[in-house]
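Accompanying notes for the structure given below.
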Amino acid sequence: MAEKRAHIDDPTALYQLSQESGSLRISLHGRLDARNTAQNWPRLQQQLAGIPASKVDVDATGVEYCDGSGLALLQFLGMGGMTPGATVSVRGLKPEFQKLFESFTPDDYQKFRPRPPPKGHLAEDVGLGVVTALRDVRDQIAFLGAVSTAFVATIGNPRRMRWREVFHVFELAGVNALPIVSLISLLVGLIIAFEAAQPLAQFGAQIFIANMIGLLMVRELGPMMTAIMLAGRSGSAFAAELGTMKVNEELNALETMGLDPVRFLVVQRITAGILLAPLLTIYSMFMGVVGGVIVMLGLGFPLVAIYNQMLTGVSLHDIIVGSTKGIAFGIIVAAVGCLRGLQTKKGPSAVGESTTRAVVSSILLIILADAGFAVVLYFLHS
Amino acid sequence: MSSDSANAIEVKNLKLGYDGKIILQNLNFVVRRGEVFVILGGSGSGKSTLLKHMIGLYPPLEGEIWIGNENLVGASDEKRRQILAQFGVMYQSGALFGSMTVLENVLLPLDTFTELPPAAKEFIALAKLKLVDLAEASAKMPAELSGGMQKRAAIARAMALDPGILFLDEPSAGLDPITSADLDALIRLLACDFGITFVIVTHELPSIYAIADRVIMLDGKSKTIIAEGKPEELRQHAKDTWVRQFFNRESSKN
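Residue numbers (the working numbering), protein chains in the order written: chain A, 1 to 382; chain B, 383 to 636.
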């Protein structure tokens, strides 16, 4: 009998290969656990690739222990995964492993293997995108209607309004936002005044920093920055809060008790938004102006001169325009936050998705509304 | 060192609690290799707390927890990882990762802790899923599965690395009787054919009679074990009235 042994010099190898007249014999021995199998699998595969054989005999008599990975190796050998085209037989496995070995066969593997999902067609994807966008618009209009009716109903019966909740939201989203609004508005005022000082000095026009900062903070930046901070801080919080309530079925509980979630939760938040946004906006305007004034004082202008110059540029009308924007932005932030919260779907990432959507949609709508204000005010003036 | 290798787990003088409050104390018991060991107790008696300490999520106030020949309490990080690799855990809600498919959930431990080729890992993961009768659902997301399927998938994930011990937290809570009985049968199969040791927290009486080799019963008032033994024996011969009432499902108001 011409027997050829291969690679018996490797102590970590758990297999021996022997060949006799066209038939290849693979004898396995030792512990086929995850670590040993992982070590031996690639080596065995590499070696078998170089040995042509039409008949393979896998002898597992020497296997002392065999876990899932060892069974996978045996099955992989058995299905000819390492010796394509050969007929393979596996034998000699201890009875306690044999049952496990038979519980999952290569046929099962082929049957249950995950297949890549069919790729969508471009037209299909575009159509789906358009339908989703249109549905979103429809939902927003429906939500606007629901909020309006809820507001009318609440005005008709003000005792139904849960004022405690309104004040709670007012405190969380308004009062607690004062530090960050102060810091950012002050710094933005400072930076703009500081940047403008250099070029204006060339024309001897540094006194006009007062006009610029006044108009900029009161009409544009005050309302806009406040709204964006509100969207990031409170719009996202509304979406997360309502989204979590939806995931926990609290919204369903409200509905079965005959309470409309819009009337019970959304109206309070929007009311708080209407109350706090203009106040926060005026505060932001003030802090921005203070920032500009600090720079101008540093440039040597007396406070009285700055004050008088600012009065020539900024009127009460501008402050009213700024605060009105604040109210509009407050409604947008609160309503969009609530809408995205109510739209929360199932699953662990749903609440995160809702908060992201809330912030993105709020900021987009704030900019659009600001553009609308600019156009309307232009025509009102002319 | 733990004296007897027939013991899968040995708990010695364990005292548990937090914030200066003691929840359980004087806990001494062994879990033998290959048995289904059930931790019982009324609501709030600290069953889940005990389980969470046994799997090393929280450090105990005092005492030792031997898993095999290693003490989990005070083990170095490296040692701790070795001990943790010896068991799998199924959490009460399944705790499958929602952003991955069922198959990816089962593959995760294999990808993390083994150097096997991809085909081998896929083969093992599918074999585990077939064992819990979920191979057809391998491409689904956890959110698409029913509660019972999620728990079975969680068992498949816990078994991915072929641990010798499985901890199950309330496996049959919230399941219908048939699904619950299927799960019991699966546990029995795994214990008998695979020799896996089970530590299970539950208070489903039918389940306890169907699967438990031995139980311990915790009590919230005395903060320790008030009964230990086979469920049938405790039902008939327990000294404590409350234990007998528990096993006979009688009201305490009688």
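Note that beta-carbon positions come from the ideal geometry of N, C-alpha and C, so glycine has one too.
Query raised in the report: Apart from the five residues just before and just after Leu543 (chain B), which ones in its own chain have a Cβ nearer than 8 Å to its Cβ?
Result: Listed in chain order, the non-local C-beta contacts of Leu543 (chain B) below 8 Å within the same chain comprise Ala467, Gly470, Pro491, Leu492, Phe495 and Thr496, local neighbours out to five positions each way being set aside.
**Report entry** Span separating the alpha-carbon of Gly68 (chain A) from that of Ala502 (chain B)
**Finding:** Their Cα atoms are separated by approximately 9 Å.
**Report entry** Separation of Leu299 (chain A) from Asn157 (chain A), as counted between CA atoms
**Finding:** Cα to Cα, the separation comes out at about 57 Å.
Requested in this report: Compare the C-beta of Gly546 (chain B) with all C-beta atoms of chain A and state if any pair is closer than 8 Å.
Outcome: It does not: the Cβ of Gly546 (chain B) has no partner Cβ on chain A nearer than 8 Å.
Query raised in the report: Which word fits Ala49 (chain A), buried or exposed, when buried means at least 16 other C-beta atoms lie within 10 angstroms of its C-beta?
Result: It is exposed - the Cβ of Ala49 (chain A) has fewer than 16 other Cβ atoms within 10 Å.
Query raised in the report: Which residues bound the beta strand (DSSP E) around Ser354 (chain A)?
Result: Counting along the chain, no beta strand (DSSP E) covers Ser354 (chain A); the unbroken alpha helix (DSSP H) around it starts and ends at Ala350 to His381.
Requested in this report: Note down, one range per segment and in chain order, each beta strand (DSSP E) of at least 3 residues found wholly within the region 85-159 of chain A.
Outcome: Counting whole runs of 3 or more residues, the region 85-159 of chain A contains the beta strand (DSSP E) stretches 87-91.
Query - Span separating the alpha-carbon of Ser430 (chain B) from that of Ala507 (chain B) - result: Rounded to the nearest angstrom, the two C-alpha atoms are 28 Å apart.
Report task. Report, in whole angstroms, the separation of the C-beta atoms of Leu565 (chain B) and Leu422 (chain B), which I expect to be a contact under 8 Å. Result -> Leu565 (chain B) to Leu422 (chain B), Cβ: 17 Å. No contact.
Query raised in the report: Using a beta-carbon distance below 8 Å, is Leu73 (chain A) in contact with chain B?
Result: Judged by the 8 Å Cβ criterion, Leu73 (chain A) is in contact with chain B.
Report task. Please compile the residues from chain A whose C-beta is within a distance smaller than 7 Å of the C-beta of Asp575 (chain B). Result -> Lys99, listed in chain order.
**Report entry** Close-in-space but distant-in-sequence residues of the same chain around Phe479 (chain B) (CB under 6 Å, 5 per side omitted)
**Finding:** Cβ within range, chain order: Asn487.
Query raised in the report: Taking only runs of the alpha helix (DSSP H) that begin and end inside the region 400-448 of chain B, which ones reach a length of at least 4 residues, in chain order?
Result: Correct list: 429-436.
Report task. Report yes if the C-beta distance between Phe411 (chain B) and Ile593 (chain B) is below 8 Å; otherwise report no. Result -> Not closer than 8 Å, so no.
Query - Where Gly202 (chain A) falls, given that 16 or more other Cβ within 10 Å makes a residue buried - result: For clarity, residue 202 (chain A) is Gln in the given sequence; the question names Gly instead. Around the beta-carbon of Gln202 (chain A), fewer than 16 other beta-carbon atoms lie within 10 Å, marking it exposed.
Query raised in the report: Which stretch, first to last residue, makes up the beta strand (DSSP E) that contains Gln16 (chain A)?
Result: Where Gln16 (chain A) is concerned, the enclosing beta strand (DSSP E) stretches over Tyr15 to Glu20.
Query - Integer-rounded CB distance, given that Ala150 (chain A) should sit under 8 Å from Val333 (chain A) - result: No, Val333 (chain A) and Ala150 (chain A) are not in contact; Cβ-Cβ is about 18 Å, not under 8 Å.
Query - Under 9 Å from the C-beta of Asp108 (chain A): neighbouring residues of chain B - result: Ordered by position in chain B, the residues that pass the 9 Å Cβ test against Asp108 (chain A) are Leu508, Ala509, Lys512 and Ala517.
Query raised in the report: Secondary structure at Glu552 (chain B), three-state DSSP: helix, strand or coil?
Result: DSSP places Glu552 (chain B) outside both helix and strand once states are collapsed to three, so it counts as coil.
Query raised in the report: So Leu498 (chain B) packs on Thr105 (chain A), CB below 8 Å; how close in whole Å?
Result: Contact flag wrong, Cβ pair sits at about 19 Å.
Query raised in the report: Could you give the residue range of the beta strand (DSSP E) that holds Phe286 (chain A)?
Result: Where Phe286 (chain A) is concerned, there is no enclosing beta strand (DSSP E), although the alpha helix (DSSP H) it sits in stretches over Val267 to Leu299.
**Report entry** CA-to-CA distance, Ile213 (chain A) to Ile192 (chain A), given in whole angstroms
**Finding:** Cα to Cα, the separation comes out at about 8 Å.
**Report entry** Of the listed residues A:Val321, A:Leu342 and A:Pro42, nearest to Leu380 (chain A) (C-alpha basis)
**Finding:** Proximity to Leu380 (chain A) across A:Val321, A:Leu342 and A:Pro42 peaks at A:Val321, based on C-alpha coordinates.
Report task. Check the Cβ of Ala335 (chain A) against every Cβ in chain B and list those closer than 8 Å, keeping chain order. Result -> Taking a Cβ-Cβ threshold of 8 Å, none of the residues of chain B is close to Ala335 (chain A); the smallest such distance is about 29 Å.
Query raised in the report: Can the beta-carbon of Val181 (chain A) be found closer than 8 Å to that of Leu221 (chain A)?
Result: Taking 8 Å as the cut-off, the Cβ atoms of Val181 (chain A) and Leu221 (chain A) do not count as close.
Query - C-beta neighbour in chain B for Ala38 (chain A), strict 8 Å - result: Chain B contact via Cβ: present.
**Report entry** Cβ-Cβ distance between Pro545 (chain B) and Gln532 (chain B) below 8 Å
**Finding:** Taking 8 Å as the Cβ cut-off, Pro545 (chain B) and Gln532 (chain B) do not qualify as a contacting pair.
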